[in-house]
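Shown next, in structure tokens, is the structure this report addresses.
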Amino acid sequence: MADRVLQVGLFVAVLALPLLMLVFGVVMRRWRIPQLRHLSAFDALRGQLGRSIEVGHPAHISIGTGGIGAEDTLVTLAGASIVDSLAQEAADTGASPVVSVADGTALILAQDMLRHPYTRRGDISGYDPLAVQTLGMAPLQYAVGTMDFLRHSQPVSNVMIGSFGPEVGLIIEAGVRQGLAQVAGSTDARALALLYPSANHVLIGEEIFAAPAYLERRPDQLGRLQAQDMVRYFLIFVIIVAAVLRTFFPG
Amino acid sequence: MNYCPSCGTANRDGSRFCNECGHKLPSKTGIICPMCSHMNPADNMYCDNCKARLVPLGPTGQPAAPAGASPATASSAAPIKKPLSLPTKPAEEPAPEEPDTPPESVAQPEPEADEPNWLVRLRAAAPKPSEKRPTVEPPAPQPSSSQEIPDWMKPAEGEVPDWFQRLAEPASAQPSEPESVQPSEPEPQPEEEGLPDWMAQLRPAPAAPSASQTEEEQAPDWLTTFDTTPPASSGAASEEELPNWLKGMSAEPEAPAPAPPPPPSMPPPAAPVAEEEPDWLANLRREPLETSEPAGETPDWLMAVEEPPAAEAPAAQPAPAEEVPDWLMGLRGPSQPEPAAEPAEQVPDWLIGAREQPEAPPAEHPEAEAPDWLSRLSGAPEAPPEQAEAPEWLMGVAPAVGGEPPAPATQTPAEEVPGWLRDFRIAEPTPEAPAPSPATPVSAFVGERAETEEQAEVPDWLSEAARPAPPAAAPEAPAEPVEVPAWLRDLGPLPAAAAAPHPEETPFGEAPAAVPGEFPEWLRGQQPGQPTPAFADESGRTLTPEATTGLEAATIPSWLQALKPPEVPGEAVAAPHEAFVETEGILAGLASVLPAAEVMGRAQGAPASRNVGIPAADLARAGVFGELLARGALAPTVIKPRQVAGSRVGDVVVRVLIALLLLVVAVLPNSLGFASSFIQLGEVDAGLYKPAADQVAALSEGQHVLMVFDYDAFQALEMRPIAEAFLSHLAQRGARATLVSLNPTGLALADTVLSRLPEEVALDVVLAAPIYYPGQAIGAQRALLDNPADLLVVLSGSPDSVRLWIEQVSAAGLHTPIVAGISAGALPQAQPYVQSGQVRGAVAGMVGGLAYQRALDPDLDAGDSGLDRVVRTESVYVSQLAFALILIAGMIVSLITGSRQAG
Amino acid sequence: MLFRRILPVALTISIGWLVLLSFLPILNVPLTPVRALLVDWAVLLAAIALVLGFINLIGVHFRRIARRENVVYSLTLIASAGIALGYWIGSMVIDQQPPDAGLNRLFTTIILPTQSALGMLLAILIAVAGFRALRVRRTVGMILFVLSAAVVAVTQPVALFGNILRPIREWLIDPITTGSLRGVLLGVALGGIAVGLRLLVGADKPQGD
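Protein chains in written order, with our numbering: chain A, 26 to 276; chain B, 3 to 905; chain C, 263 to 471.
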């Protein structure tokens with residue numbers, strides 16, 4: 026019975042999610058903007074490009090060791106959405122962030138996102154294809170390459186939001202030794218265990234999916250967050266009900 | 003310094019973002035771009051936003067010194083600007099009266115070295131005095147007219163353009179020109195003795211019949227003051243520019259433009275002898291404007307109105323006059339020298355139209371649409387009395403017209419009438435009204451009352467203003483009363499002589515109430531530039547400026563005097579625009595097109611006073627800064643590695659000791675072979691391997707297994723026992739396996755595992771060489787479809803890979819059982835999948851792998867190789883234990899030391 | 263405009279829905295072959311992306327050499343990649359087969375040890391991170407310290423306090439860690455579903471304008 030409850034609840038949640046996203050998108054557009062929970066990581070994100078302009082060093086942005094088609098495709102897309110949010114500001118201000126990847130599909134994705142603002146304005150001359158760098162083809166190789174990059178390029182900040190494993194500890198430690206401002210986010214518990222004590226700002230789990238809403242504050246994005254929250258509350262309710270049922274009705 | 007509003011960090015000037023937190027900084031100082039209004043740092047040469055030039059080119063064509071340059075370089079680059087001096091008391095004695103002849107410079111101005119090009123061109127294009135230009139004769143100069151202007155209005159010596167100087171000269175210096183539309187020469191009016199000369203000069207010239215006047219006798223004087231000869235180059239253009247109402251007043255006789263009737267409460271523009279023109283209004287038509295004026299009271303518009311009437315209509319002047327406003331051009335009379343003449347296209351339309359209809363009978367009603375006030379300007383009696391709107395304050399100062407008292411209307415509250423205007427109330431026409439003065443530009447504007455009774459629609463007040471004083475020489479001036487517009491009537495009549503005093507604050511105390519047309523005594527004899535003499539108020543007491551209450555003569559405080567820029571004696575100010583020719587952009591080749599460029603490029607804020615001494619240290623710093631700017635962008639800030647806390651010698655020693663300890667612990671048992679002597683391994687939980695082993699055990703011979711190597715190289719040592727155990731077990735069961743990997747390194751890892759197995763085992767189990775499937779989840783799909791298997795063995799170092807294969811198996815619609823070999827670190831995250839049954843069994847970590855191996859082969863630890871394996875295994879365990887102990891000890895020490903530091 | 267803006271989005275949406283619908287058994291449309299074809303193309307694209315990543319890696323290091331930035335490291339990387347690539351090409355040309363043995367030797371002698379060392383370094387870094395947590399965030403650090411010590415104590419194979427600590431692990435540590443991890447995974451799954459749905463309906467367009 027508990028299993029049945031869980032299955033039905035999950036089915037309803039999956040079906041309801043797109044409808045709720047649509048509804049709340051309209052609500053946000055027309056009536057109100059919700060009060061988002063404060064996440065210091067996004068506040069720190071907003072100022073990084075400005076700092077890079079003033080200091081004259083690039084800002085390093087990493088979208089993880091995953092790629093498109095991998096098990097962490099969506100996490101990689103979430104990290105790439107941050108690049109997308111910052112790309113317009115980078116093109117407008119002339120900042121030149123360095124985006125590092127470890128996968129070829131992520132390379133293509135990040136390059137496309139960095140190129141968007143320049144193609145929109147019809148002037149591709151300001152775009153640097155090597156602004157997106159493959160620093161390694163495997164997680165540990167990528168970590169070593171990133172450590173070397175941080176040491177020699179001396180970016181003003183280190184932003185790592187995406188799919189990471191325990192190798193992120195090497196990168197974080199290198200950043201700490203250089204005194205970099207570090208913003209990190211991951212869905213992997215092993216990576217979070219290393220990120221939480223060392224990074225200045227940490228995004229845990231699904232918080233990285235909220236990056237576009239926090240950075241751009243578009244009504245449809247805020248509606249999506251609201252819909253996710255509603256479904257989450259519903260699932261919590263379903264889990265509690267299932268747990269109670271399983272406890273009192275083990276059969 | 004620019005302080006960040008978010009974190010308070012001090013940032014250098016010109017920074018757009020905070021160096022600490024990246025917050026956008028408000029711009030406090032800098033140069034506002036004249037093109038896009040973007041605030042730029044003070045040391046920018048070009049706008050950051052639109053790339054427009056911020057720092058103008060200097061006299062030599064080189065960029066002027068930027069804001070950060072030293073004063074020496076700045077002074078050498080930028081021309082010296084001498085601002086106007088502060089007002090001082092004018093001289094006591096009046097300046098000698100100048101004859102009423104046009105200054106020669108008007109006719110043939112000599113281009114001065116410091117004159118801008120546009121001025122030179124204007125002057126060159128100005129019509130010569132010998133040219134027949136129907137302009138208003140300059141009014142008779144006041145005997146006591148003064149050439150002096152207040153010091154505060156005096157520009158620095160040598161800086162005054164000639165045209166400006168000419169403006170200050172009385173009309174007597176203006177050329178007398180044969181006029182066709184000019185009234186007679188102004189005759190000194192006996193009743194004008196009390197008027198200031200400069201005001202008396204403004205009286206319109208009495209209408210004098212002349213040749214062209216005959217032709218234009220129907221035209222109001224104000225219209226005839228302009229050039230009646232249609233300009234050759236601009237006639238057509240001017241005609242096109244005429245509004246409809248003014249086109250009716252063109253040169254064609256069949257379409258006459260009516261002269262506007264004068265305003266009802268203003269003196270008639272013509273010179274009706276019977277009616278007295280208010281002195282102040284009459285004076286408006288006379289003498290050229292003098293720049294001197296009683297201190298503080300004469301408004302600018304009045305000053306402009308008082309321009310010499312000799313100013314020619316600018317229609318015939320092709321020279322461009324960028325700097326002279328239209329209103330000034332339009333207000334100039336015919337005798338006005340032409341320094342700032344405008345091309346025909348810049349003349350107001352109504353003025354051009356008026357100019358072009360010298361023969362237009364002003365009395366005819368305009369067929370075209372013309373405003374009533376304009377039609378009444380000519381004083382046409384048949385002009386329908388149209389009531390135009392006028393501000394109430396003007397109503398209060400406008401007397402009745404034509405002898406008719408204005409309709410009693412609500413007296414304009416005193417507070418609504420400007421004080422300065424109240425002083426200039428038009429006096430009621432008196433028999434002693436002086437003869438109409440020559441037409442002035444104002445008369446040209448307001449229009450004299452035409453000799454004929456037909457007038458265009460001119461506001462009464464305007465026609466009244468143009469109406470000269472009723473002299474005997476103007477017999478033809480119609481004496482018919484002019485319709486007073488309602489708005490003017492509403493202002494109410496003003497008592498002729500016993501006007502209620504309007505006490506108001508003046509710099510000289512309470513000014514005695516003035517009735518329209520009467521000037522206070524103190525003003526009558528006042529000459530521009532002269533100090534205000536003592537005067538008697540109504541009560542007869544004598545007042546002097548010093549004796550007024552509350553106010554003292556202005557004195558410049560010493561601190562302000564100190565800031566007064568030094569005047570360069572005897573030097574003509576270098577014309578900043580003379581040699582300036584724009585070299586780039588769309589204005590390339592043009593000279594002096596933007597004379598205000600130097601002002602536009604200046605930084606905002608109060609400029610530094612040059613009188614303030616600049617310390618040598620500041621100069622030196624400015625020079626250094628200039629050098630840095632000259633070199634280009636400042637070197638980027640180098641982020642130095644943070645000094646890691648604890649990087650002291652003691653910490654280094656501790657680290658070395660810990661490393662040695664770990665080494666000893668890891669190596670020693672392996673070397674000495676005595677680990678198992680005193681270390682007893684704990685019982686391995688069977689759950690770490692047994693469920694997976696059971697799945698493999700359930701395979702029959704010949705069944706196919708898909709084995710995935712999906713871990714990284716640094717996990718190889720941990721995963722190798724697990725992989726070896728699975729392959730060995732598969733060999734025991736007779737199953738065949740296909741090795742695949744979703745990572746390129748997986749193939750090499752698989753090979754390393756195979757190389758450690760006995761060759762026969764490897765050959766029996768493995769069907770083919772390992773295969774690499776790119777694309778992660780897509781590759782997994784492909785691998786599942788290409789290699790149908792009875793069991794899926796996933797060797798993964800992360801739970802994500804396990805999850806991926808679970809998903810792809812479900813997506814492919816397969817029901818292949820899955821077992822996992824997973825690292826110890828990933829076990830907690832993979833445990834739910836095991837518990838849910840999606841993964842039938844999992845072998846976790848090296849411990850589980852070794853246990854699995856021992857379960858397969860109880861004799862595995864026997865023999866030398868077995869012992870070697872055991873020792874190595876135990877050394878690993880001991881190292882692990884030692885590491886754990888060191889970790890715990892380190893945490894305790896950190897806790898204690900942290901407490902001490904916090905305490 | 264059609265090719266740049268509309269076509270990529272249309273392709274994404276149509277192919278995504280096609281593959282998704284092919285997994286649903288309720289539809290009676292034989293979409294499996296279509297899905298298989300699309301999957302093949304995707305595998306091919308992933309392989310090409312791998313090559314592109316490699317080219318980008320080489321390009322980055324070439325630029326660093328040109329800019330005189332960390333020349334030694336970049337030269338070493340390019341040289342080693344060149345040697346491995348040349349060795350493979352030569353084997354294919356000469357022996358008509360890939361040099362598995364040689365490359366494996368290369369892998370086991372160079373790559374494996376270095377990556378193992380880095381893995382070991384990770385363990386040290388985890389400990390250092392714990393120490394830092396204790397210093398920076400005192401309360402959280404204390405909790406981390408206690409739990410870390412307990413987990414290390416119960417997971418190490420040497421039977422010191424195994425009989426006492428195992429129940430603590432089974433009843434306290436495992437449920438807490440597993441439960442918290444499941445919560446994170448649940449949220450990640452929800453966020454992933456939202457992202458995927460937005461891709462399928464074209465609301466998010468990572469592929470182009």
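Glycine included, every Cβ here is placed at the ideal spot set by N, Cα and C.
- Around the CB of Gly352(C), fewer than 16 other CB atoms lie within 10 Å, so the residue is classed as exposed.
- Val305(C) carries a helical assignment under DSSP once its states are collapsed to helix, strand and coil.
- Separation of the CB atoms of Leu794(B) and Val811(B) is rounded to 7 Å, and the pair is thereby assigned contact status at 8 Å.
- In terms of Cβ geometry, Pro801(B) and Gln778(B) do not form a close pair [threshold 8 Å].
- According to the DSSP assignment, Phe273(A) belongs to the alpha helix (DSSP H) that extends over 244–273.
- In the displayed model, Asn318(C) falls within a helix according to three-state DSSP.
- Within the stretch 822–843 of chain B, contact with chain C at the beta-carbon level (separation under 8 Å) is assigned to Ala826, Pro830, Gln831, Gln833, Pro834.
- For Val768(B), same chain residues with a beta-carbon under 7 Å away, outside a window of 5 residues either side, are Ala739, Leu741, Leu756 in chain order.
- In this model, Leu132(A) and Ser125(A) are separated by some 8 Å (Cα to Cα).
- With contacts defined as CB atoms closer than 8 Å, Leu751(B) and Phe716(B) fail to qualify as a contacting pair.
- DSSP lists no bridge partner for Leu732(B).
- Here the alpha carbons of Ala590(B) and Leu121(B) stand approximately 20 Å from one another.
- In terms of Cα proximity to His82(A), the closest of Arg202(A), Ala66(A), Ser121(A) is Ser121(A).
- Taken through DSSP and simplified to helix, strand or coil, Lys692(B) comes out as helix.
- Under the criterion of beta carbons closer than 8 Å, Leu384(C) and Pro191(A) qualify as touching, at roughly 5 Å.
- Within the stretch 729–789 of chain B, the complete beta strand (DSSP E) segments at least 3 residues long are 738–743, listed from N- to C-terminus.
- Between the stretch 170–188 of chain A and the stretch 134–154 of chain A, the count of C-beta pairs closer than 8 Å stays below three; the two stretches do not touch.
- DSSP places Ile820(B) within a strand segment (E or B) once states are collapsed to three.
- By the Cβ rule, the stretch 207–216 of chain A does not count as touching the stretch 363–380 of chain C, because fewer than three pairs are nearer than 8 Å.
- When DSSP states are grouped into helix, strand and coil, His141(A) belongs to the helix group.
- Chain order gives no chain C residues near Phe627(B), where near means a beta carbon separation below 8 Å; the closest approach is about 29 Å.
- Between the stretch 259–267 of chain A and the stretch 233–244 of chain A, the count of C-beta pairs closer than 8 Å stays below three; the two stretches do not touch.
- Closest in C-alpha terms to Glu809(B), from the list Gln840(B), Gln833(B), Asn789(B), Ala826(B), comes Gln840(B).
- The closest CA to that of Arg14(B), considering only Glu79(A), Asp254(A), Pro275(A), is found on Glu79(A).
- Using a Cβ distance threshold of 8 Å, Phe49(A) and Ala252(A) count as a contacting pair.
- Contact annotation: Met46(A) and Gly248(A) have beta-carbon atoms nearer than 8 Å.
- For the stretch 76–90 of chain A, the residues whose beta carbon sits under 7 Å from a beta carbon of chain B are, in order, Arg76, Ile78, Glu79, Val80, Gly81, His82.
- Contact note: Pro164(A) reaches chain B through Asp714, using a C-beta cutoff of 7 Å and chain order.
- Across the stretch 354–365 of chain C, CB contacts with chain B closer than 8 Å involve Asp362, Leu365, in sequence order along the chain.
- Judged by pairs of C-beta atoms under 8 Å, the stretch 276–283 of chain C touches the stretch 296–312 of chain C, as three or more such pairs exist.
- DSSP, read as helix, strand or coil, puts Tyr167(A) in helix.
- Membership of Phe49(A) in any beta strand (DSSP E) is not indicated; the residue belongs instead to the alpha helix (DSSP H) covering 27–55.
- In the DSSP assignment, Ser442(C) falls within the unbroken alpha helix (DSSP H) covering 436–463.
- At a C-beta separation below 7 Å, Gly458(C) has no neighbours in chain B, since its nearest C-beta there lies roughly 12 Å away.
- Separation of Asn789(B) and Leu665(B) (C-alpha to C-alpha, rounded to the nearest whole angstrom) is 45 Å.
- Inclusion of Ala168(A) and Ile196(A) in the CB contact set at 8 Å is warranted, their separation being smaller than that value.
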